Each structure stands twice: as C-alpha cells, then as structure tokens.
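Colleague: To start, I am sharing the structure in question, which I have written as structure tokens.
Numbering (the numbering used here), first residue to last: 187 to 285.
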C-alpha cells in the first residue's frame, strides 16, 4: 500500500527547493538525546510537558511493601503550534497500522 493513495501534493508555482538530507548515519543525533533520570520521593511531584516521551519505573521499599503512583492529565491546548503535528502523527500512525 502506498501513501500516495492517501496524500497528494497540489501543483503550485510557488515551489521552494528542499535539500536532500538523507542521513547515512541515522544514529548521529542520539548523543543529543541522553536520558534524564529523576527520583521522585514521597510527597513530591514531577511535571512532564504535553507530548514528552517518558518511561517510568517504580520500586518499593522492603520495609513498606507498597508503591503508589498517581497520574493526572489535563486537557492540552489544541489551538497552539503543536496541534498540526499531533494530528499528523495520529493520522500517520492510523494509516501505517491499517496498511
């Protein structure tokens, strides 16, 4: 299945040349994305901005035996600059998953 079936680019006289930036080394930017490790203690809170990728691991103290995490999401402002990107990523994911 081709993406051309779903998307088309209308002809226009207002064309902007785009340099081919095909990477021969797709991992060259990974050094710029080092993980940040955070330990959140009892009574503390960690704020993650909307759409930030994250991974969570929880541990329990031997003497307490209980570990509880509470997540709270509030509606993101979908009128800002991220709305187009979010919609595009969501739509592309659906196309790929259904192909």
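Idealized CB from N, CA, C, for every residue including glycine.
For clarity, every value in this text was computed on a predicted model and none was experimentally measured.
Determine the DSSP secondary structure at residue 214, reduced to helix, strand or coil.
Modeller: In the structure shown, residue 214 sits in coil (DSSP, three-state: anything other than H, G, I, E or B).
Colleague: Can you check which of these residues, 258, 273, 217, is closest to residue 265 by C-alpha distance?
Modeller: It is 273.
Colleague: Roughly how many whole angstroms lie between the Cα atoms of residue 281 and residue 271?
Modeller: Their Cα atoms are separated by approximately 15 Å.
Colleague: I'd like the list of long-range same chain contacts for residue 224, defined as Cβ closer than 7 Å, with 5 residues on each side in sequence excluded.
Modeller: 232.
Colleague: What are the boundary residues of the alpha helix (DSSP H) that residue 280 is part of?
Modeller: Counting along the chain, the alpha helix (DSSP H) containing residue 280 begins and ends at 269 to 283.
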